[in-house]
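Student:
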Amino acid sequence: MVSKKLTTPEEVLLEKYAGNIDEIMSVLTALQKKQKTPKSKRNYGDNVVVTQNLSKIYKVGKQKIKALDEVSLEIKQGEYVAITGASGSGKSTLLQLIGALDKPTEGTIEVVAKDISKLSDRALSKFRNQTIGFVFQFFYLQPFLNLKTNLEVPGMFARTKRKERQKTAESLASSVSLSDRLTHLPNELSGGQMQRAAIARALMNKPNIILADEPTGNLDRKNAFAIMDLFDTVRDTFNTTVIVVTHDAELASRADREIKMQDGRVIS
Amino acid sequence: MIRLSDAFTLSVTKLKTRRVRLVVTTVVSGLFFVVLAFASSVFNGTIKSVEEFSADGFGSRYITRVDGISGPDDYSMYENKDLIAQAKVIDADLIARKKAAAKELGLTYEPTLEQASVVPTGPNGTEGLNDTPQIQELLRGAKIEQSKGFFASLDKAQKEYDVIARYQSISLGNTGMYGPVTNLPTMVVIKDNKEKTASDSNQYQYGLTGIASLPVGLTLMNDPVLDAFLLPEQSFVVGDNGSLPIIAPYTAAEEILGLGKLPSSASSKVRLDRLKEVRSQVSGKTVEVCLRNQASLERQQLAEQQQLELETNKNKKGYIRPELIYEKSAKPCQDVVVQRDVRSAYTKKETAKQEEFDRRFGKQDASQRIVTFKIVGVVSDPPNFGGFSVKSLISSLLTSNLGSGWFVPFSAKDSLPEYSSLYADADKITNFNNGVYFELASPEEAKRFAKEKTCNFDFFSGEDPSKLCIEKGTPFYLTSFGSNSVALNDAKTGFQNFYFKAALVIALISAIIMMGTVGKVIADSRRETAVFRAIGAKRIDIAQIYILYSLMLGVIVAVFSVGAGYFLASILNARSADGLTIDALIAYNSSNLDRTFSIVGFNSKELLGLVGIIILAGLVSAVGPLISNLKRNPIRDMRDER
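Listed in order, the protein sequences are those of chains F and B. Counting in our numbering, the first sequence runs from 7 upward without gaps. Counting in our numbering, the second sequence runs from 14 upward without gaps.
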């Protein structure tokens, strides 16, 4: 067999991703978007997350653990932010507070100009459904629902009409290059495909913010980079704010901004 | 709340998790419900089949036998001083007349040998009546008088309740209706051109079946009661040859046709074939009985004794044979034949005088005649107790018989020999051999009648039941007659009461079993619940999904229970329906022999009730685990799952 010299970027990608067309398309899309809008020239919108002196104290038995210590920060609409730090630095706690999954012990938190610490349980549910899109490390797709129905789940909780939901699900699946997997069950997908599906699911209700907690923690390097790039594409396509928690500095570098945390504080 | 279709989509995914546990839960929690569904199917199928067969027979009629209360008053008639005084006069008159007649005829008469109508009954000079022939008229009058109270109560009750018909039965058998009266003829069955010996059939024997039961079981009954048992193309019209229409018991019909009794192991097909054969062949067949008066019977017995004596002494030297020897006729139902008569003229003259004397005082000449009965209907023999198997219990419900008996319709009574003279007062006297029956309009009315008018009495209390019950306004003993229709109706209500109570208890047990599975599924889904909450599910959305899941679990258990219950009933039906069909065809004298008995039946009320209770159990099972799940913090659950 005679080896051929690789010349075009497409040929290089074919070699790199071993012919996985989904992965290649995903990377190509990301590359094209990046080429269109360099990081330094981006125009962000208004602040969508504003915290002031945000603290969270957990009680473990008689012991009090300060998971967050007077964190003040601002994140703008369309910004792609990576929150990094060692394990126990408070990054996941910060994400959960932004996502209205938990309430702060002290300080204020405004998301999309709403003080979410004062919302009722019912209002919080609606807020999470409409404003936030969650992406988890372990994907958390419904094992007995096919991909299309999995994408529809947030729409079900929003009481979106079935036809509208299905149309959006098909469109989102196309955006994350999973159009040909719509009828597949999660166990028929690879890890990368599952996480892309989870990202598509997070986008179902067109949220202002995507919150991703260690989204690449369960993926190999190749897929991890692809996912980080996909967040970039999502941000560009939907003007969504993306906040990713990761402990991997290399992956964090793909974001527009990195917020470093240590012992519950923002250090840079 | 989310849309029901979406909640359904998400709930179905719960059913797909832990499938083995789901199957085990379904089977275990559904097991008791299976039993209930089975019982419901068998019970309702049986009732439905019985009712269908009843339409042909006797089963859907609410007939109650009404008996008067008998107590010390009945027997005090025999110690009634007026009657005793009258009996003494009758006895004295009889002796005086006999003395005069004896003197006239030149006979010797010994009054002390006369059977006294008044006899001492105790050491203190107390006296009582003796059932002698000469006071039968006196006793009959007293019984008629005594029965007036009962018939008055009967007339009153008939007006108080919705009685659509009143019937009467009169036993014509050898038990007699007035006790051991001398002028009541005795019946002897003629079979194979021979009379069955009197000793075989002149006493009441319990449990007699076949032809032998005719002399003790012959009963007059109203035509509308017997209509249900007529064979096709038969009627209650007396034949041109004077043959009397009669309804015969099934075993007798078999015997008349010369068919041996089938073994209990006989297959259903064999039994059905036998039934068809009996019904088609026995119609119009005849049974003959010989009706002998007391004198004829005595001469038969005398001939029998003499022949026995001759046989015993035939080789004995010095044995002197009687001067007058009788022997039975070779033909049935004939008077005795004189075998030897070497009496002197004097003896013959004296005997003639004695016969004249006896004739003057009521002794009849020997007479006998053949009565022919034509089979126009068949009635089942009483069911035998067959133990406690489901089949035998069902068989015991198939009762549409009139007791073990032979029935002649009232319309034919005037063709019965000497009926009008022998049974003239039958409808004025109440006793064990006479029956009065009320046909009531509905089971409710039959129950009301029984509840309000039946004498509930403790026989060991020492009190007089007739007085006590009549004072309380409950002057009757009431028993359902001919069918179990009232009892079946009661059973229906009773079964449903039991059924729903049992279902509730079982539902509680099942709810606890299901709670285990529902609890486990909910507990296993904490992370999933947390994810749902993260992506915007409200608590009520989560509750909706799990309630729907529990509902579906309940539906699965219900489908399994009902399906398995009816499947088991179908198996039992396949094994026993043929036999029960035969029992029912015989019991209800069904004209449609293609009708089948099925123990698989549906009762929509019970079925829906059962399904509802099972689903309720499923819902109840979800309450505890769901409340506990909804209280949980989704973040903690997500963190714990890592």
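No residue lacks a Cβ here, since even glycine has one placed at the ideal position from N, Cα and C.
Three-state secondary structure (DSSP) at ILE273 of chain F?
Tutor: In this structure, ILE273 of chain F counts as coil in the three-state DSSP scheme.
Student: What does the alpha-carbon distance come out to for the pair TYR332 of chain B and SER248 of chain B?
Tutor: Their backbone Cα atoms lie some 58 Å apart in a straight line.
Student: Please identify the residue among F:ASN135, F:PHE150, F:LYS70 and F:TYR146 whose C-alpha is closest to the C-alpha of ARG165 of chain F.
Tutor: Among F:ASN135, F:PHE150, F:LYS70 and F:TYR146, the Cα nearest to that of ARG165 of chain F belongs to F:ASN135.
Student: Which residues does DSSP pair with ALA218 of chain F in a beta bridge?
Tutor: For ALA218 of chain F, which the question treats as bridged, DSSP gives the partners F:VAL141 and F:VAL250.
Student: Please confirm whether SER259 of chain F has its beta-carbon closer than 9 Å to some beta-carbon of chain B.
Tutor: No, SER259 of chain F does not count as interfacial toward chain B.
Student: At which residues does the alpha helix (DSSP H) containing PHE451 of chain B begin and terminate?
Tutor: Where PHE451 of chain B is concerned, there is no enclosing alpha helix (DSSP H), although the beta strand (DSSP E) it sits in stretches over 447 to 453.
Student: Spell out whether any CB of chain B is found under 9 Å from the CB atom of GLY94 of chain F.
Tutor: Chain B contact via Cβ: absent.
Student: Hey, how far is the Cα of PHE398 of chain B from the Cα of THR222 of chain B?
Tutor: Low confidence applies here, because PHE398 of chain B scores a pLDDT of 43, under 50, leaving its location unreliable; read the following figure in that light. PHE398 of chain B and THR222 of chain B: Cα-Cα distance of roughly 16 Å.
Student: Skipping 5 residues on each side, what residues in its chain have a beta carbon closer than 7 Å to that of ALA660 of chain B?
Tutor: Past the boundaries of the shown model lies residue 660 of chain B; chain B is included only from 14 to 655, so the question cannot be answered.
Student: At which residues does the alpha helix (DSSP H) containing PHE275 of chain F begin and terminate?
Tutor: Lying outside 7 to 274, the shown extent of chain F, residue 275 of chain F is not represented and no answer is given.
Student: Sort out for me which residues DSSP pairs TYR180 of chain B with in a bridge.
Tutor: Looking at the DSSP assignment, TYR180 of chain B forms a beta bridge with B:TYR450.
Student: Within the same chain, show all residues whose beta-carbon is closer than 7 Å to that of ARG34 of chain B, passing over the 5 residues directly before and after it, in chain order.
Tutor: Closer than 7 Å at Cβ, skipping near neighbours: THR530 and LYS533.
Student: Find the residues of chain F that neighbour LYS551 of chain B, judging by a C-beta separation of less than 7 Å, and give them in chain order.
Tutor: Within chain F, the residues near LYS551 of chain B are ARG128 and SER131.
Student: If the criterion is Cβ atoms closer than 9 Å, does the pair PHE144 of chain F and ASN224 of chain F meet it?
Tutor: Yes, these two residues count as a Cβ contact at 9 Å.
Student: Compare the C-beta of MET146 of chain F with all C-beta atoms of chain B and state if any pair is closer than 9 Å.
Tutor: This sequence places Tyr at residue 146 of chain F; Met is not what is there. Yes, TYR146 of chain F lies at the interface with chain B (some Cβ there is under 9 Å from its Cβ).
Student: With 9 Å as the C-beta to C-beta threshold (strictly closer), list the residues of the stretch 519 to 544 of chain B near chain F in chain order.
Tutor: Cβ contacts with chain F: ARG540, GLU541, ALA543 and VAL544.
Student: Around the Cβ of ASN616 of chain B, are there at least 16 other Cβ atoms within 10 angstroms (buried) or fewer (exposed)?
Tutor: Classification of ASN616 of chain B: buried, given that the 10 Å Cβ count is 16 or more.
Student: How about VAL36 of chain B: is its C-beta nearer than 9 Å to some C-beta of chain F?
Tutor: No, because no Cβ of chain F sits closer than 9 Å to the Cβ of VAL36 of chain B.
Student: Since I believe ILE628 of chain B is in contact with GLY567 of chain B (beta carbons under 8 Å), could you give me their beta-carbon distance rounded to a whole number of angstroms?
Tutor: At roughly 4 Å, the Cβ-Cβ gap stays under 8 Å, so GLY567 of chain B and ILE628 of chain B are in contact.
Student: Check LYS644 of chain B in the structure and name its three-state DSSP category.
Tutor: LYS644 of chain B falls in the coil class under three-state DSSP.
Student: Give the DSSP-derived three-state secondary structure of SER61 of chain F in the structure shown.
Tutor: Three-state result, SER61 of chain F: strand.
Student: What number of angstroms, rounded off, separates the C-alpha of GLY189 of chain B from the C-alpha of GLY230 of chain B?
Tutor: Reliability of the predicted coordinates at GLY189 of chain B is poor, the pLDDT of 48 falling under 50, and the value obtained from them is presented with this limitation in mind. Their backbone Cα atoms lie some 11 Å apart in a straight line.
Student: Can you find at least 3 beta carbon pairs, one from the stretch 204 to 212 of chain F and one from the stretch 67 to 87 of chain F, that sit closer than 8 Å?
Tutor: With a cut-off of 8 Å, the stretch 67 to 87 of chain F and the stretch 204 to 212 of chain F do not count as touching, because too few Cβ pairs lie within range.
Student: Have a look at the DSSP bridge pairing and note the partners of LYS266 of chain F.
Tutor: According to DSSP, LYS266 of chain F bridges with F:THR90.
Student: Can we say the stretch 92 to 107 of chain B touches the stretch 131 to 150 of chain B, given the rule of at least three CB pairs closer than 8 Å?
Tutor: Output reads yes: the stretch 131 to 150 of chain B touches the stretch 92 to 107 of chain B.
Student: Check whether the stretch 15 to 28 of chain B and the stretch 84 to 93 of chain F are in contact - that is, three or more C-beta pairs closer than 8 Å.
Tutor: Flag = no, the stretch 15 to 28 of chain B and the stretch 84 to 93 of chain F do not touch.
Student: Could you run through the stretch 76 to 109 of chain F and flag, in chain order, every residue whose CB is less than 8 Å away from some CB of chain B?
Tutor: Taking 8 Å as the Cβ-Cβ cut-off against chain B, the residues of the stretch 76 to 109 of chain F that qualify are GLN102, GLY105, LEU107 and ASP108.
Student: Considering only C-alpha positions, which residue in the set F:ASN214, F:ASN152 and F:ALA179 is nearest to ARG202 of chain F?
Tutor: Checked all of F:ASN214, F:ASN152 and F:ALA179; the closest Cα to ARG202 of chain F is F:ALA179.
Student: For PHE51 of chain B, count neighbouring C-beta atoms within 10 Å of its own C-beta (all shown protein chains included) and say buried if the count is 16 or more, exposed if not.
Tutor: Burial call: buried.
Student: Runs of 4 residues minimum, wholly inside the stretch 307 to 362 of chain B: which ones carry the alpha helix (DSSP H) assignment?
Tutor: If we require 4 residues or more, the alpha helix (DSSP H) runs fully inside the stretch 307 to 362 of chain B come out as 307 to 326.
Student: What does the alpha-carbon distance come out to for the pair LYS228 of chain F and LEU257 of chain F?
Tutor: When rounded, the distance between both Cα atoms is 11 Å.
Student: Give the interface partners of ILE640 of chain B over in chain F, defined as CB-CB distance under 7 Å, in chain order.
Tutor: Near ILE640 of chain B there are no residues of chain F at all, since even the closest Cβ is about 15 Å away, more than 7 Å.
Student: Using a Cβ-Cβ distance cut-off of 9 Å, determine whether ARG202 of chain F contacts chain B.
Tutor: Not an interface residue.
Student: Could you say which of B:SER280, B:GLN314, B:GLY418 and B:ASP554 lies nearest to SER593 of chain B if we only look at CA atoms?
Tutor: The displayed chain sequence assigns Leu, not Ser, to residue 593 of chain B. For LEU593 of chain B, the nearest C-alpha among the options comes from B:SER280.
Student: Leaving out five residues on either side along the sequence, give the residues of the same chain with a beta carbon under 7 Å from the beta carbon of LEU435 of chain B.
Tutor: Excluding sequence neighbours, LEU435 of chain B sits near LEU197.
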